[in-house]
Amino acid sequence: MQTQQLYKVIIQGKLEFGNDRSFQKVVQLYNQRLETIHKRELVFKISDEIFFEKDFTMNLGRFIGNISEKMWKNTILSLEYCAQFSFSGVINAWMTDNGKILQYAHIEPLGEKSTIALYQEGKRKSEEIGSEVEAIKMLTEAIEKYERHSQAYEKRGYMNYHLKNFEDAIYDFNKSIAFDQMNASSHYGLGRTYMVKKNFKEALICLEEATKQSIALQPIYWAARRVKAICYIELKDFEKAAFEYKLFTSRTFTESDPNFKHLAMAWFNYGKVFFALGQIDESLAAFDKSLALEPTAKKGTHPELFMQRGLARKAAGKSDYILDFKKASELGYEPATKLLAEIKLS
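Residue numbers for the sequence shown follow the working numbering, so the first one is 20 and each next one is one higher.
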């Protein structure tokens, strides 16, 4: 008998069913499908371990294991079926082989229920520049229909953040997390909001939680690590900043990954961290890498990069450091102009 190939699978998430009637119905149907349709070839074979009557939820936590492709398909079909009965929530699932994503599933409620329709419209509006107020209106209506809607609070939190309603954003992200502790995006948003308020220690707690509630296959995991490094720089903890940048810059991002556009700035900040740690050669290499990664349209237009590289070149005893200062000055960077004047007088 041929052995089925096994793949590493990660599944995590939660669905909310809102009331006892919907909850009891979905549990019954799940068990029927488990026995009759899927012949127990599902990842989650014991419904009592994933269904929780006290809050009418399906909570998968985070499953990591090796399963066959058939079990993967059965499980995804079963979870998609359950999502039809839910009011809110999201499940993400990855099937991988040697770190490469072979299949990905994003499962959330879809349908004609008013709560779902309002949330989906608010979600669409939240992705349109200039539609923040409309998005907030839709998302607020979704929350009024179903108060435990973690994703609606999350999206509304980001809209309030963009509108600079930071206290409202903090409220929304906290409410989102209260209903779904695994909502990494809300932890991240809360961290970014605390950064705006210069509360970097609190921001780090939130960003660390964002990494715990996400996985390295998700862009938000790496975004949280990158932003953690910025907090450490603000707190003058350069060793920890260097650790985060080492991980981030060692990762290969495709151009479609939202982290890709931040690579040039990450290498620039990494260069500043190396300089603060007295690692001058590494600092110079990082600044050169940052310049090489800048988009063609912006290449050579970052004055602080030339200023910082000039300082590193000077510390390394390189005579051409003055060229970087001049370039920074030509780009309108006042500290470089001032420094050049001081050098000329000395």
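Every residue gets a Cβ at the ideal spot worked out from N, C-alpha and C, and that includes glycine.
Could you give the DSSP three-state label for residue i: helix, strand or coil?
{"i": "residue 20", "result": "Its pLDDT being 49, under 50, residue 20 is placed unreliably in this model, and the value from its coordinates should be taken loosely. Note: residue 20 maps to coil in three-state DSSP."}
{"i": "residue 364", "result": "helix"}
{"i": "residue 28", "result": "strand"}
{"i": "residue 167", "result": "coil"}
{"i": "residue 198", "result": "helix"}
{"i": "residue 71", "result": "strand"}
{"i": "residue 63", "result": "coil"}
{"i": "residue 181", "result": "helix"}
{"i": "residue 338", "result": "coil"}
{"i": "residue 372", "result": "The shown model of the chain, from 20 to 365, leaves out residue 372, and the question about it has no answer."}
{"i": "residue 222", "result": "helix"}
{"i": "residue 352", "result": "coil"}
{"i": "residue 47", "result": "helix"}
{"i": "residue 233", "result": "coil"}
{"i": "residue 191", "result": "helix"}
{"i": "residue 206", "result": "helix"}
Judging by CA-CA distance, which residue of the options is the nearest neighbour of residue i?
{"i": "residue 347", "options": "324, 337, 27", "result": "324"}
{"i": "residue 317", "options": "84, 283, 113, 299", "result": "283"}
{"i": "residue 149", "options": "179, 105, 331, 259", "result": "179"}
{"i": "residue 306", "options": "297, 298, 291, 250", "result": "291"}
{"i": "residue 61", "options": "47, 76, 92, 74", "result": "92"}
{"i": "residue 26", "options": "345, 339, 121", "result": "121"}
{"i": "residue 33", "options": "360, 262, 308, 98", "result": "98"}
{"i": "residue 110", "options": "69, 117, 304", "result": "69"}
{"i": "residue 191", "options": "279, 158, 172", "result": "172"}
{"i": "residue 56", "options": "89, 31, 77", "result": "89"}
{"i": "residue 297", "options": "257, 276, 309", "result": "257"}
{"i": "residue 242", "options": "223, 255, 118", "result": "223"}
{"i": "residue 263", "options": "23, 250, 272", "result": "250"}
{"i": "residue 245", "options": "102, 275, 285", "result": "285"}
{"i": "residue 300", "options": "232, 177, 331", "result": "331"}
{"i": "residue 234", "options": "175, 225, 30, 95", "result": "30"}
Given a threshold of 16 other Cβ atoms within 10 Å of its Cβ, counted over all protein chains shown, does residue i qualify as buried or as exposed?
{"i": "residue 168", "result": "buried"}
{"i": "residue 230", "result": "buried"}
{"i": "residue 42", "result": "buried"}
{"i": "residue 67", "result": "exposed"}
{"i": "residue 112", "result": "buried"}
{"i": "residue 37", "result": "buried"}
{"i": "residue 354", "result": "exposed"}
{"i": "residue 20", "result": "Residue placement at residue 20 cannot be trusted, given a pLDDT of 49 that sits under 50; what the coordinates show is reported in the next sentence. Counting Cβ neighbours within 10 Å, residue 20 comes out exposed, since fewer than 16 surround it."}
{"i": "residue 162", "result": "buried"}
{"i": "residue 215", "result": "exposed"}
{"i": "residue 154", "result": "buried"}
{"i": "residue 28", "result": "buried"}
{"i": "residue 338", "result": "exposed"}
{"i": "residue 362", "result": "exposed"}
{"i": "residue 328", "result": "buried"}
{"i": "residue 228", "result": "buried"}
{"i": "residue 133", "result": "exposed"}
{"i": "residue 152", "result": "exposed"}
{"i": "residue 280", "result": "exposed"}
{"i": "residue 260", "result": "buried"}
{"i": "residue 123", "result": "exposed"}
What residues match up with residue i in a beta bridge as DSSP calls it?
{"i": "residue 34", "result": "77, 108"}
{"i": "residue 82", "result": "30"}
Hey, does residue i have any beta-carbon neighbour from chain C nearer than 8 Å?
{"i": "residue 224", "result": "Of the protein chains in this structure there is only one, and it is not chain C."}
Checklist line | Ranges of the alpha helix (DSSP H) found wholly within the segment 260-321, counting only runs of at least 4 | finding: Qualifying alpha helix (DSSP H) stretches, in chain order: 282-295, 299-312.
To test your reading of the DSSP string, which unbroken alpha helix (DSSP H) runs of 4 or more residues are found completely within the segment 84-158? Qualifying alpha helix (DSSP H) stretches, in chain order: 88-102, 133-145.
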